[in-house]
Structure formats: C-alpha cells, structure tokens
C-alpha cells in the first residue's frame, strides 16, 4: 500500500460506511474509492495459482509383527486368523510446478513417502498420475513428474535476499479442503536445530500453514516462489502462527541433483565441531559470542589438507555467518562434491581465511577412526585416576595422550563431564603425548583448564574451573 493511500484511510473508511448505510451490509464492496483502486492480491494470485497443485497418494507400509505370529503352528493352536503384513496409507498434500515443459512438480518427501500411486490435481480440475523422479529425506524435498499440456510454472526468486518482515503468501491444500491462500510475513530466517529434518535452514512465517499445505508454495508479493511449505510448530496439530518453509534456493539445488542423478550425493570436509559457549570463549581468550569450535580433524581430510586445526573457531562459511555447530553441518552438508568451502576462522586471537574442497563421502568418512580430544588436569581433577595408553588399549599407536581409568562421582571433574575411558590429548591447546607431558601441562593451580577429550568416536573441548 502506498503512502498516499495510508493517508486517505479515514476517508476510505468513511466512504465505505456511507455505502453500507445506503445500500445495506450485503452490498458488494467497491473496486475503487476516490478513483483509487483498492489494494488486492487477487491479480497476482490469478496469475500464479494454476502452478500450485493438490497431491493425493496411496501407499503401503510394512507392519511390524511378533515373530510368533509368523509360526503357522502358533496361529493354528490359538485359532488366530492370518495377519496382514502391510497397511494401506493415504495422504494429502500440495506441490508446485517448477518446469511446465517437462511437467516437473516440487513437493515434500513426506507427502509422497511410501506412495505407490500419486494423483496430481490441477487448478482447472484435470487429474494426472505422477512419476516419482527422486526424493531426499534429509531435506524433505521430492521431485515428481506429470505428462500434461498447457501447464503453468511458478517463477522463482532468490530466497537468500529475503528479509524478516517481507510479506509472503502461502498456497496449498489444507486439510484436503482444496486450494487455499493465506498471507503473512517472514518471521525469521535460517531456523535450524528444530529436529524436523536432517538439514535445516527454514524460513519461518506466520502465514497460516496447516496439514495438507506441505509441499505448497510460499511466494512474495511479486508472485515469485521463495519457499516450499513444510512444517508447523503446534501443540494441537493446527496453526498457531509458526510455520516453516524450505528456501527455494535450497530446494532447487536438491532438485537439480534429483533430476540429474536420481539421488543426492553429499560430501565431507572432515571436521567435527561443537558450539562456542561462554566457558570456551573465556578459555580461548576471545570475546566472540557465537560460532563453532573445531574439536577434531579427520586425518588426510580436505580440512586437514587446507590447514584447519582443532581449536579453530568457525565464524563464517562461504560468507554466511556461523552461530552454532548445527550451522556448519547445514552449510557443508548442502554442498556438492568439489565445491569450495571458504572458512572464516579465529585462531590465536587473530582472523584468517582458509579454503577446502568438498570430497566424496567415503567409508572412512562415514566411520571415522577415533580422534583426539583436549582436556586439562590439576587439583580440579581430584578423584581422577590417569594412565598412559598402553598396548592393550584400542587406540594404542593411533593417538597420543592419557586415559582416565577411574574417577569418583560428585567431583568437579565429574560435574564438568569427564568420564572413565575418556582420552585426554591436549591441555590448554597444548598436545600431550604421555603422562609426563600431561602432568607438566597441568602443573598450574591457577586458571581454568581447557581439555580436548576423545570419547568413542566423538571429540569435544571441556573446561574445568
């Protein structure tokens, strides 16, 4: 709405009141007041809603049964009827036509999951059976295809340019009612850590999204696709003003891989990270409030070859800020093999940039060998019994450090998170090779101890105050 329209709102409302008084409440609203057209989303929606479709699926899921039910003697003895091995499923959702010439429809994985029959209904009432091109459960993106003429595709916008406060419109098929339009604003960006999907970078909106809206379109006021509606936060199952959409940039990136390969190939750079908390920031002597601390590096990994080190603090990846450890996983996990990854780091109080290249995810990456962790000891480790890594230890010859063989509960070390079996490989960012190195490193009763610790296949920094 333009400024001059805002200034004339009192006159508009007065005119409307006179019209209602003269002709009754049932009279149609005027299309213009004072020769000014009333603001409306109708022209934009009339142009784009044919690109949003309704999706209905039928599928089968395997039922879990007690193994005894598979024994014919057991069933006959107890006079039990044959148990069904599968259950029929049905679901309703939405989709967006993103390529009219090829009939490509973008939707959510959970809409077409387990589907053996997918029916797509267009705005004009035509129905088509769809073919599943590929799905990616980690991002909840799916691509299907229909053979139809005279389709309308929805143009896309750059979702990276969205701002909190931008107006958006959600289009979908809530509760199977048919195509429905709701409006709102972008409430937040880059929502992650919700536990909804494996990789999360959601647009949050207060535009009403309900069951059945999944896979539908989130568009800006120009009628451009900015997101795919995916989930809601609700205690009742209905909308409470907190909905989430997958940014269209991410969805199209996944779509390209599904179209070309039928699956999504994710690479790795070989780092493990944890959140930067106030204790770690103090131990590192920095004022940085957010970021992710690298606690281990895979040997011979892209990160190691690029020069990244345990103890580096990641503050940005490819110029996108990193606020917490989950941001690192999202940024890197959504890249393709051979893509460049530019890290903005803090190291030793200074800033530096390093670039690694995403490598193919190998068995070694999926099941990395045990890695070192850092940690510190002194009177703060009262009740902790330490030993060197001897030939009987599974990590002998692989890592250097000391191992906690026993410790007492209800001690400072226990409260800090140390446990028997932990391997301490560094104290105050100084590697320790054996028990002598360790005792030398912790021979200072003053100041906090920053420890790098290995537990199983996981590594982390711990602070003892």
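In my numbering, the protein residues as written are 1008 to 1472.
The beta-carbon is built from N, C-alpha and C at its ideal position, and this holds for glycine as well.
Since this is a predicted model, take the numbers as computed values, not measurements.
Please state if the CB of residue j and the CB of residue i are separated by a distance shorter than 7 Å.
i	j	result
residue 1265	residue 1141	yes
residue 1393	residue 1409	yes
residue 1230	residue 1054	yes
residue 1299	residue 1329	yes
residue 1420	residue 1469	no
residue 1100	residue 1221	yes
residue 1462	residue 1441	no
residue 1473	residue 1304	Since the first and last residues shown for the chain are 1008 and 1472, residue 1473 lies out of range.
residue 1466	residue 1279	yes
residue 1481	residue 1149	Because the chain spans 1008 through 1472 in this model, residue 1481 falls outside it and cannot be assessed.
residue 1454	residue 1415	no
residue 1332	residue 1276	no
residue 1182	residue 1209	no
residue 1137	residue 1151	yes
residue 1233	residue 1052	no
residue 1365	residue 1274	yes
residue 1194	residue 1213	yes
residue 1435	residue 1457	yes
residue 1323	residue 1346	no
residue 1116	residue 1147	yes
residue 1217	residue 1236	no
residue 1473	residue 1199	Lying before the first or after the last residue shown, residue 1473 is absent from the chain, which here runs from 1008 to 1472.
residue 1411	residue 1427	yes
Alpha carbon to alpha carbon, what distance is there between residue j and residue i?
i	j	result
residue 1174	residue 1192	4 Å
residue 1254	residue 1112	16 Å
residue 1281	residue 1320	10 Å
residue 1439	residue 1176	58 Å
residue 1215	residue 1144	24 Å
residue 1297	residue 1108	46 Å
residue 1431	residue 1284	20 Å
residue 1211	residue 1180	19 Å
residue 1335	residue 1257	15 Å
residue 1437	residue 1423	20 Å
residue 1315	residue 1110	45 Å
residue 1480	residue 1207	Because the chain is modelled from 1008 through 1472, residue 1480 falls outside the range shown and cannot be assessed.
residue 1165	residue 1401	50 Å
residue 1119	residue 1268	19 Å
residue 1098	residue 1134	16 Å
residue 1224	residue 1261	16 Å
residue 1259	residue 1106	11 Å
residue 1413	residue 1287	25 Å
residue 1227	residue 1289	43 Å
residue 1248	residue 1292	41 Å
residue 1239	residue 1403	49 Å
residue 1356	residue 1128	59 Å
residue 1358	residue 1178	45 Å
residue 1104	residue 1185	17 Å
residue 1294	residue 1171	27 Å
residue 1464	residue 1048	54 Å
residue 1445	residue 1307	26 Å
So what does residue i bridge to, in DSSP terms?
i	result
residue 1278	1304
residue 1046	Beta-bridge pairing links residue 1046 to no other residue.
residue 1363	1348
residue 1115	1148
residue 1176	1190 and 1226
residue 1438	1433
residue 1391	1414
residue 1353	1320 and 1358
For residue i, decide whether its Cβ has a neighbour in chain C, counting only Cβ atoms nearer than 7 Å.
i	result
residue 1433	Judged by its chain identifiers, the structure shown contains no chain C, having just a single protein chain.
Secondary structure at residue i, three-state DSSP: helix, strand or coil?
i	result
residue 1445	helix
residue 1164	coil
residue 1120	coil
residue 1099	strand
residue 1128	strand
residue 1381	Confidence at residue 1381 is low in this model, with a pLDDT of 29, below 50, so the placement of that residue should be treated as unreliable; the coordinate-derived value is given next. It is a strand residue.
residue 1057	helix
residue 1070	Per-residue confidence for residue 1070 stands at a pLDDT of 49, beneath the threshold of 50, marking its modelled position as unreliable; no derived number is given.
residue 1155	coil
residue 1110	coil
residue 1329	coil
residue 1313	helix
residue 1234	strand
residue 1212	strand
residue 1240	coil
residue 1134	strand
residue 1141	strand
residue 1032	Low confidence applies to residue 1032: its pLDDT is 41, below 50, so where it sits in the model is not reliable, and the reading given next is rough at best. The answer is coil: DSSP assigns residue 1032 none of H, G, I, E or B.
residue 1270	coil
Next item on the list: Assess, as a yes-or-no matter, whether the stretch 1045-1059 is touched by the stretch 1158-1168 under the definition of 3 or more beta carbon pairs within less than 8 Å.
Entry: Cβ pair count under 8 Å is three or more, so yes.
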